[in-house]
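Quick note, the numbering used here runs 54 ahead of the 1-based positions in the sequence shown. Note that beta-carbon positions come from the ideal geometry of N, C-alpha and C, so glycine has one too.
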Amino acid sequence: MAVPKRKTSISKKKMRRSHHKIISVNVAEDKKSGEYKLSHHIDLKTGYYNGKKILDI
(Lines of atoms letter the chains of each structure in order from A; the text may use other names.)
(Lines give C-alpha, C1' and ligand atoms only; values in the text may rest on other atoms or scores of the structure.)
Protein backbone atom coordinates (compact mmCIF):
# COMPACT_ATOMS: atom_id res chain seq x y z
CA MET A 55 0.00 0.00 0.00
CA ALA A 56 1.38 3.40 -0.99
CA VAL A 57 1.73 5.66 2.02
CA PRO A 58 3.36 9.11 1.86
CA LYS A 59 6.55 9.39 3.87
CA ARG A 60 5.98 13.02 4.86
CA LYS A 61 2.95 15.24 5.41
CA THR A 62 2.05 17.36 2.38
CA SER A 63 2.71 21.00 3.19
CA ILE A 64 -0.03 23.62 2.97
CA SER A 65 1.85 25.32 0.13
CA LYS A 66 2.02 22.13 -1.97
CA LYS A 67 -1.63 21.36 -1.23
CA LYS A 68 -2.73 24.82 -2.37
CA MET A 69 -0.56 24.64 -5.50
CA ARG A 70 -2.21 21.35 -6.44
CA ARG A 71 -5.70 22.75 -5.90
CA SER A 72 -5.08 26.01 -7.78
CA HIS A 73 -6.94 24.64 -10.83
CA HIS A 74 -10.01 23.53 -8.86
CA LYS A 75 -11.71 26.91 -9.11
CA ILE A 76 -15.24 27.41 -10.41
CA ILE A 77 -15.28 29.13 -13.79
CA SER A 78 -18.07 31.63 -14.35
CA VAL A 79 -20.26 31.41 -17.44
CA ASN A 80 -19.64 34.13 -20.04
CA VAL A 81 -23.07 35.78 -20.31
CA ALA A 82 -23.52 39.01 -22.26
CA GLU A 83 -26.47 41.33 -22.79
CA ASP A 84 -27.88 41.39 -26.34
CA LYS A 85 -27.60 44.86 -27.88
CA LYS A 86 -30.91 44.75 -29.76
CA SER A 87 -33.28 42.86 -27.47
CA GLY A 88 -31.57 43.52 -24.11
CA GLU A 89 -31.85 39.87 -23.09
CA TYR A 90 -28.95 37.92 -21.66
CA LYS A 91 -27.35 35.24 -23.84
CA LEU A 92 -24.11 33.31 -24.08
CA SER A 93 -21.49 35.30 -25.92
CA HIS A 94 -20.30 33.94 -29.29
CA HIS A 95 -23.65 32.14 -29.76
CA ILE A 96 -26.54 32.81 -32.14
CA ASP A 97 -29.63 34.36 -30.59
CA LEU A 98 -32.22 31.68 -31.40
CA LYS A 99 -35.20 34.01 -30.97
CA THR A 100 -34.09 36.57 -33.56
CA GLY A 101 -31.56 34.56 -35.60
CA TYR A 102 -28.89 37.26 -35.37
CA TYR A 103 -25.18 36.82 -34.63
CA ASN A 104 -22.76 39.75 -34.45
CA GLY A 105 -25.37 42.10 -35.94
CA LYS A 106 -25.98 39.90 -39.00
CA LYS A 107 -29.02 37.75 -39.83
CA ILE A 108 -27.87 34.11 -39.77
CA LEU A 109 -31.06 32.08 -39.28
CA ASP A 110 -34.42 32.62 -40.94
CA ILE A 111 -36.97 32.34 -38.16
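**Asked** Near L92, which residues of its chain fall below 8 Å by C-beta distance, leaving aside the five closest residues on each side in sequence?
**Response** V79, N80, V81, A82
**As assigned by DSSP and simplified to three states, the class of K61** = coil
**Request:** Following the continuous beta strand (DSSP E) through E83, name the residue where it begins and the one where it ends.
**Result:** 81-83
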